[in-house]
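Take the sequence shown: its letters are residues -23 to -1, 1 to 44, numbered as in mature numbering (1 follows the signal peptide of the UniProt record, and there is no 0).
The beta carbon of each residue, even a glycine, is placed where N, CA and C say it ideally should be.
See structure below.
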Amino acid sequence: RACIGYRFALVEFKCLIFALVRAFEFELAVDPEKIIKKSRIITRPYVVTEIEKGPQLPLKLTPYKGV
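Next comes the structure, spelled out in structure tokens:
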């Protein structure tokens, strides 16, 4: 059986993501040259100095300052 509120929860989640993306500016927290991609089944980003930590893409979030 499927959850009766599945689609509603999905729409709520999309609205939350949209609100967060609009409220913040995203930029890389490390130098782009330190990020490599490894392809297996799915291509994933790795930080060169922290490969043992697994795939990651560190981001720096700052509140959006509207014009």
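The alpha helix (DSSP H) enclosing residue i, as first and last residue numbers
i, result
"I(-7)", "-18 to -1"
Limits of the beta strand (DSSP E) - the one that residue i falls within
i, result
"T39", "36 to 40"
"V24", "20 to 24"
"K15", "12 to 16"
CA nearest to the CA of residue i, picked from the options
i, options, result
"E27", "K11, R(-23), F3", "K11"
"G31", "I(-7), V7, K14, E4", "K14"
"V7", "R(-17), V(-13), K37, I(-20)", "K37"
"T20", "P9, F(-6), L34", "L34"
"P40", "A(-1), C(-9), V24, R17", "A(-1)"
"K42", "E29, V25, F3, V24", "F3"
One or two residues paired with residue i in a DSSP bridge
i, result
"I28", "Looking at the DSSP assignment, I28 forms no beta bridge with any residue, so it has no partner."
Proximity test, residue i beta-carbon vs the ligand HEM heavy atom, cut-off 7 Å
i, result
"K15", "Absence of the ligand HEM is noted for the structure shown, with no ligands found whatsoever."
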